[in-house]
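If you're matching positions, the sequence shown starts at 688 in our numbering and goes up one per residue.
All C-beta atoms in this analysis are idealised placements derived from N, C-alpha and C, irrespective of residue type, glycine included.
All of these numbers come straight from a predicted model, not from anything done at the bench.
What follows is a single structure, written as structure tokens, with notes after it.
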Amino acid sequence: MPRSARSPLEGRVVAVTGAGRGIGRAVADTLAGAGALVALGDLDEASTRTAAEEICRTEDGHAAGFALDVTDTASFAAFLDRAEERFGPVDVLVNNAGIMWVGPFADEGEQTAVRQFDVNVHGVLRGMKLAAPRMRARGSGHIVNIASAASKVTPMGEATYAATKHAVHGYSSAVRAELRGSGVQVSLVMPGVVDTELAVGTSAGPTRRLTPQDVARTVLSVVLRPRPEVFVPRHIGLVPWVSALLPAKARAGWLRLVVPDQLAALTDPSVRAAYERDSGGTATQTGGAAPQTTERTER
């Protein structure tokens, strides 16, 4: 639909990783609808091109899709270069690509764990190291990292995934401090369980399962009004706060009530077979959803 001349992000250039589907796609749709010029990156280049065409048609927006492997520095640099050649300097980078394996920690293969760190942690570090200097030189910019509620809590069955999201939290916090006064903002968005392929077979616990659009609306809000950390939904942020106030025994009981046990939830591991095969192989990464997928943006 046509945008108002006063669209809040009119003319701002946004690059989104893992944008072929799921959360990344929803973020691209939402920001384009607010007037942004959006570069979609994904290992599955065809999905980004299709998404960009749909955005241009249905949102009356400006978008372009490009190939992106967040585990490869040259690929990430080329993605940012192509985005800037097409639209101009990138104002906002949304690091969204991510993957997740679910199961007992002792059953997880070494390469499966390494793959999650490659995508979820090093993919974010790579994006920040490439984008921040460009933004700093201009005196402005915003990096939004899509992490997870698992950045602050530790669901059983998601040991490595939680470790990667804790790492993203720590790295984002440290870099934010380093960039203070530079004009470059760093925000962390931490969703609960999101209804994407990455979360198939898992439980949302006592909270409702989020939609990719829920997360996308929060990202838009954070881009318009930068904040260091935002939980989706906001009340999830009470979990680590309350936990810190409780003695050990009470804390354990509290966490059993409010943090989903994915080992108990995953009664049929075969339901995740296709996703985990694709996300652990060469074709993996994207926005929360499927082959090539990675998004994980929680769950």
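- Taking 7 Å as the cut-off, the beta carbon of Thr-898 is found no closer than this to the beta carbon of Val-917.
- For Glu-795, same chain residues with a beta-carbon under 7 Å away, outside a window of 5 residues either side, are Trp-788 and Thr-847 in chain order.
- Bridge partners of Thr-704 according to DSSP: Gly-728.
- In the structure shown, the three-state DSSP call for Ala-961 is helix.
- Per DSSP, reduced to three states, the secondary structure at Glu-845 is coil, with no helix or strand assignment.
- For Ile-830, the three-state secondary structure derived from DSSP is strand.
- Rounded to the nearest angstrom, the gap between the Cα atoms of Val-855 and Leu-933 is 26 Å.
- For the set Arg-712, His-809, Ala-837 and Ile-830, the Cα lying nearest the Cα of Gln-949 is the one of Ala-837.
- Collapsing the DSSP output to three states places Ala-723 in coil.
- Remark: three or more beta-carbon pairs, one from each stretch, lie closer than 8 Å, so the region 811 to 830 and the region 773 to 784 are flagged as touching.
- Within 10 angstroms of the beta-carbon of Leu-724 lie 16 or more other beta-carbons, which makes it buried.
- Here the C-alpha atom of Glu-845 lies approximately 37 Å from the C-alpha atom of Thr-745.
- In this chain, the beta strand (DSSP E) harbouring Met-877 covers 871 to 878.
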